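First up is the structure itself, then whatever we jot down about it.
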Amino acid sequence: MSDGNMNLKLKVWRQKNTKDAGQMVDYSLEGVSPDMSFLEMMDMLNEKLVNEGQDSIAFDHDCREGICGMCSMMINGQAHGPKDLTTTCQLHMRSFKDGDTVVVEPWRARAFPVMKDLMVDRSAFDQIIAAGGFVNVNTGNAPDGNAIPISKENADLAMDAAACIGCAACVASCKNASAMLFVSAKISQLALLPQGEVEGEERVRSMVSKMDELGFGNCTNEAECEASCPKGISISNIARMNRQYFTSAIKAK
Amino acid sequence: MTIKKLDGKIPDGPVDQKWNQHRFNMKLINPSNKRKFKVIVVGTGLAGASAAATLAELGYQVDAFCISDSPRRAHSIAAQGGINAAKNYPNDGDSVWRLFYDTVKGGDFRAREANVYRLAQVSNSIIDQCVAQGVPFAREYGGTLSNRSFGGAQVSRTFYARGQTGQQLLLGAYSAMMKEVHKNRIKVFTRREMVELVVIDGKARGIIARNIITGELEKHSADAVLLCTGGYGNVFFLSTNAMASNSSAAWKAYKKGAYFGNPCFTQIHPTCIPVHGENQSKLTLMSESLRNDGRVWVPKAQGDKRPPNEIPDDERDYYLERVYPSFGNLAPRDVSSRQAKYAVDQGRGVGKSGYAVYLDFRDAIKRDGQKAIADRYGNLFDMYQQITAENPYEVPMRIYPAVHYTMGGLWVDYNLMSSVPGLFVLGEANFSDHGANRLGASALMQGLADGYFVIPYTLGNYFATEKPEKTPVTTEHPEFEQALKSSASRFEQLFAVNGKRSVDSFHKELGHIMWEYVGMARDEEGLKKAIGLIQNLRKEFWKDVRVTGSDVGVNLELEKANRVADFIELGELMARDALERKESCGGHFRVESQTEDNEALRDDENFCHVAAWEFQSVDTAPLRHIEELKFENVHLSQRSYK
Ligand SMILES: Cc1cc2nc3c(=O)[nH]c(=O)nc-3n(C[C@H](O)[C@H](O)[C@H](O)COP(=O)(O)OP(=O)(O)OC[C@H]3O[C@@H](n4cnc5c(N)ncnc54)[C@H](O)[C@@H]3O)c2cc1C
Ligand code: FES
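Going down the list, the protein sequences come from chains A and B.
Take the first sequence: its letters are residues 1 to 253, numbered as in our numbering.
Take the second sequence: its letters are residues 1001 to 1642, numbered as in our numbering.
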């Protein structure tokens, strides 16, 4: 060990495919630099596995800048690891110390089957969006961008909600595997803007019923979702969604 | 060897009327007939998602493919700065004409005037469309849209959504797509990688896609194929591109007859966080806006390893201010990048590795106060600190240039059709609108222009003229079988090598060669050397690469190996293109072609053209065709930033 580099013990979930039972496997890794990102540490482990002729560990990642929402690891029991407001790809190894044992697992939720190792299937989120997470406007129909003024406050609140990266840490950290934070963020964004408000009631009904149908659990106000969200999406969105849902349900009757 | 002069199919008439006239002249498809046509859209970044949504709205059947687990994610999502449009909301003198003019000039006169004009023309509709979809652009207190000036532009024409413009635009296009999924007009194939283009009777009629989860190869047929697969900056291994960004789809098309336009035109961005070591996997861009207040410098003396705050002012070289007194720290991307490289080459680089220069906010903080600086750049400073563990309020940032964008790409005509009929190319994957250098906030604009407002017209015209429905093909056609077999055998070969070196080790080696010889400054000797080195690397790859795991189920090593094999071949083509283009222009700097002040010197007499390369075989040099460029509206002039 030199230059402050670390030696780590890793316990990583290995699972061949959706049907395989899966198990934790121990690895050790030497010479991890504190400047490396968590995923670069995983790359280093994979390079080592390949050089030993072993199958590399599958995990999802793409932007490595905390914006695409692809990376998704439970690190020592926390979604995206120990740092607040930080995705797995933005977590750096200086958050760990020499000799640490690091446990790495996939998101676990009924609606997200494991496909291999740390990769899960989050296509349920797309199905929820396809149920109503859009404004019904075809290309070419739009009035001038400034035709409808939108207060800065609402535009900012809509942006706060729209910042969701769809990583599903909220579902993974919720003991009920509820998708309320994700769904409410999209519903809030569109409800706060005049363009989306028009279809608001229809939207909330269809998205919520799709969410229930796909096997996500109920919200029991634990707020673990908010705590684990790398983008700081607030649970006040859930309250906004619930209000809208009840109004719309009453009207629908 | 006969060199073809390619026809860009630019419509006649004055530049500001070409597109309108062309739209009128193009043939239409009857609305009830549209559903008879099937379109494959490969890639669901801004270009692909906007095209898929719009074509489905018109009634076409769309099959959309992407590598990621959801079309909500693509490289486009990482764009921070913003998107240009000629709205002139701030009343500061902008117009369609000015955006057109700036883009042609910014591209250093290597783009088609007609394309750029069309881009500027449709730019305003893009903003309207995105607002209608619920994209939460930044707004003023009065409720109107905010604009800022970006990338050295003299007008404020950039629209933005905090630092997440790409994300919000992509989510807008994705939601438009999902609206059509809801109506069963788009079928989305996620975690699929196109590994072959199927050409039947000279026309693109389908693809072979690899299912990343099962490893199976699938056949998909259609009446036209749209490649929206993004840029190829990852040839350099380290770049600001997303990890899955790759050149394979475009490369397969190239090998099936699509010409590759200007492959050597790459953009290097001056303000990225420097490399920390050999395990670095990608580079993070820091917004260019930092250069509004930060001052760039290196120590005057070589090898000065003192901490920056102990180096007195008279021993610092604020080289951008020194060399470009009028533009100073805001000199354009290519110019600033090259100057950083010179400083490092002279042994004056800073940080542990020596591959960095300082971007210092000390004076700005002294002048405006820490709070003002935090208001302007707080999130960027936080991001920097998160990655480097250094506090930029106290010590200068370290920055270094990194590969960021590729202006080159598959050659397309004015209708966005490649040299293979029925194969259209959109977004960063085509070569079209940015010439030799792309301006900030113009890539998002181009991707969405292609997808929302250009392809819906030109594709209809192709169908109405070529009538592919009259010769229906199914995946039972022998060409599909043939294509499937050749893809399968390629993957078998990758396993069969069973060598000793990891895929990444080859990719890194390629990156080093590219950065050294085909990077910011290129010369004949280096480029020739690079071609030899890359050819050897290719041979070595096919002798010694090691792909572990199996071809059943998820195998990330196999995916990477397939992409890296293509990157190696593309790297060679980039070096060849750079070698043949014996002028400097935009991001392409040939050491032999510079002014007395070491600025890029264009050679309009010999190189006022697009180079479009035609594949022969892996071991035979490709043919270089040209498309001549004419400048009738913006007059050829030499850039000067002194
Ligand atoms: C860090 C960063 C910041 C940027 N900021 C700005 C900015 O502020 N303003 C601006 O205008 N531009 C910016 N750019 C540039 C801009 O983001 C890109 O040029 C643009 O988003 C490219 O969009 P695209 O749709 O062409 O491709 P991409 O977004 O790259 O999408 C490619 C798609 O193709 C798919 N794909 C690729 N290969 C295959 C295959 N073989 N099979 C199936 N699918 C495939 C991918 O999965 C993806 O869906 C930035 C770029 C970077 C790197
Ligand atoms: S890899 Fe994109 S958010 Fe982590």
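Beta carbons: idealized from backbone N, C-alpha and C, even for Gly.
All values reported here derive from a predicted model rather than from experimental measurement.
How about A:I128: is its C-beta nearer than 7 Å to some C-beta of chain B? No, its Cβ sits nowhere closer than 7 Å to a Cβ of chain B.
Confirm the yes/no value for this check: CB of A:M70, any heavy atom of ligand 2, distance under 6 Å. Because some heavy atom of ligand 2 lies under 6 Å away, the Cβ of A:M70 counts as near it: yes.
Touching by the beta-carbon criterion (3+ pairs, under 8 Å), the stretch 1239-1250 of chain B and the stretch 1494-1505 of chain B: Counting C-beta pairs closer than 8 Å gives fewer than three between the stretch 1239-1250 of chain B and the stretch 1494-1505 of chain B, which falls short of the contact rule.
Through-space distance from B:L1006 to B:G1277, alpha-carbon basis: For B:G1277 and B:L1006, the gap between their C-alpha atoms comes out near 45 Å.
What separation, rounded to the nearest whole angstrom, lies between the Cα atoms of B:N1598 and B:G1008? Each residue's Cα considered, the two are about 34 Å apart.
Spatial distance of A:S2 from A:G232 (CA atoms): For A:S2, the predicted model reports a pLDDT of 49, less than 50, meaning its position is unreliable; a value from the coordinates is still stated below. The C-alpha of A:G232 is placed about 37 Å away from the C-alpha of A:S2.
Of the residues B:T1266, B:Q1164 and B:I1077, which one's Cα is nearest the Cα of B:W1515? When C-alpha distances from B:W1515 are compared across B:T1266, B:Q1164 and B:I1077, the shortest belongs to B:T1266.
At a CB-CB cut-off below 9 Å, which residues of chain B make contact with A:P143? Neighbours of A:P143 on chain B, chain order: D1128, V1131 and A1132.
Tell me, please, which residues DSSP counts as bridged to A:S28. DSSP, once it has assigned bridges, lists A:K9 as partnering A:S28.
By the three-class DSSP mapping on this structure, what secondary structure does B:T1158 have? Three-state DSSP puts B:T1158 in a strand.
Given this structure, state the Cα-to-Cα distance separating B:E1321 from B:R1546, to the nearest angstrom. Spanning the two alpha carbons is a distance of roughly 49 Å.
Look at A:T72 and A:D84 and say whether their C-beta atoms are less than 7 Å apart. In the sequence on display, residue 72 of chain A carries Ser and not Thr. Cβ distance not < 7 Å, so A:S72 and A:D84 don't count as in contact.
Under 7 Å (Cβ pairs) to chain A, residues found in the stretch 1486-1520 of chain B: For the stretch 1486-1520 of chain B, residues whose beta-carbon sits nearer than 7 Å to a beta-carbon of chain A comprise S1502 and D1504.
Mind checking which residues open and close the alpha helix (DSSP H) that includes A:P143? Unbroken run through A:P143: none, as it is neither H nor E.
Could you tell me whether any non-hydrogen atom of ligand 4 is closer than 6 Å to the CB of A:R64? In terms of ligand content, the structure shown lacks ligand 4 and carries ligand 1 and ligand 2 instead.
Segment limits, alpha helix (DSSP H) that includes B:S1432: Per DSSP, B:S1432 belongs to no alpha helix (DSSP H) and is neither H nor E.
B:P1478 lies in the beta strand (DSSP E); which residues open and close that run? Counting along the chain, B:P1478 falls outside any beta strand (DSSP E), though it belongs to the alpha helix (DSSP H) covering P1478 to V1497.
Counting contacts by CB-CB distance shorter than 7 Å, is A:I238 in contact with chain B? Not an interface residue.
Using the beta-carbon count (16 or more within 10 Å), is B:V1412 buried or exposed? Classification of B:V1412: buried, given that the 10 Å Cβ count is 16 or more.
B:A1612 (DSSP reduced to helix, strand or coil): The DSSP-derived three-state label of B:A1612 is strand.
According to the neighbour-count rule (16 or more other Cβ atoms, all chains shown, within 10 Å of its Cβ), is A:M241 buried or exposed? Counting the other Cβ atoms within 10 Å of the Cβ of A:M241 gives 16 or more, which makes it buried.
In chain order, what residues of the same chain lie with their CB nearer than 6 Å to the CB of B:P1468, ignoring the 5 residues before and after it? The residues are D1223.
Can we say the stretch 1548-1558 of chain B touches the stretch 53-67 of chain A, given the rule of at least three CB pairs closer than 8 Å? Judged by Cβ distances under 8 Å, the stretch 1548-1558 of chain B makes contact with the stretch 53-67 of chain A, as three or more pairs qualify.
Cutoff 7 Å: B:S1248 Cβ touching any chain C Cβ: Any reference to chain C falls outside this structure, whose protein chains are A and B.
Option nearest B:T1474 by Cα separation, candidates B:R1139, B:S1032 and B:I1207: Scanning B:R1139, B:S1032 and B:I1207 for the CA closest to the CA of B:T1474 turns up B:I1207.
Partner residues on chain B for A:Q54, Cβ-Cβ distance less than 7 Å: Simply T1548.
Chain B contact for A:N5 (CB, 7 Å cutoff): No, because no Cβ of chain B sits closer than 7 Å to the Cβ of A:N5.
Output, in sequence order along the chain, the residues in the stretch 1052-1069 of chain B whose CB is closer than 8 Å to any CB in chain A. Cβ contacts with chain A come from A1053, T1054, E1057, S1068 and D1069.
Taking only the alpha-carbon atoms, compute the straight-line gap between B:A1074 and B:L1046 and give it to the nearest angstrom. One Cα belongs to B:A1074, the other to B:L1046, and the distance between them is close to 8 Å.
When you compare the CB positions of B:T1165 and B:I1083, do they come within less than 7 Å of one another, or not? Going by C-beta atoms, B:T1165 is nearer than 7 Å to B:I1083.
Quick one, which of A:L91, A:T86 and A:G22 has its alpha-carbon nearest A:P34's? Nearest option by C-alpha distance: A:L91.
Cβ-Cβ separation, B:F1506 to B:V1564 (assumed contact under 8 Å), whole Å: Going by Cβ atoms, the distance from B:V1564 to B:F1506 rounds to 6 Å, so yes, they are a contact pair.
Residues in its own chain within less than 6 Å of B:D1433 by CB, not counting five upstream and five downstream? Listed in chain order, the non-local C-beta contacts of B:D1433 below 6 Å within the same chain comprise A1111, N1115, V1116, L1119 and Q1446, local neighbours out to five positions each way being set aside.
Test: B:Y1452 CB closer than 7 Å to a CB of chain A: It does; some Cβ of chain A falls within 7 Å.
Classify B:K1219 as helix, strand or coil using the three-state DSSP reduction. Here B:K1219 sits in strand by DSSP.
Between the stretch 213-226 of chain A and the stretch 162-182 of chain A, can you find at least three pairs of beta-carbon atoms closer than 8 Å? A contact exists between the stretch 162-182 of chain A and the stretch 213-226 of chain A.
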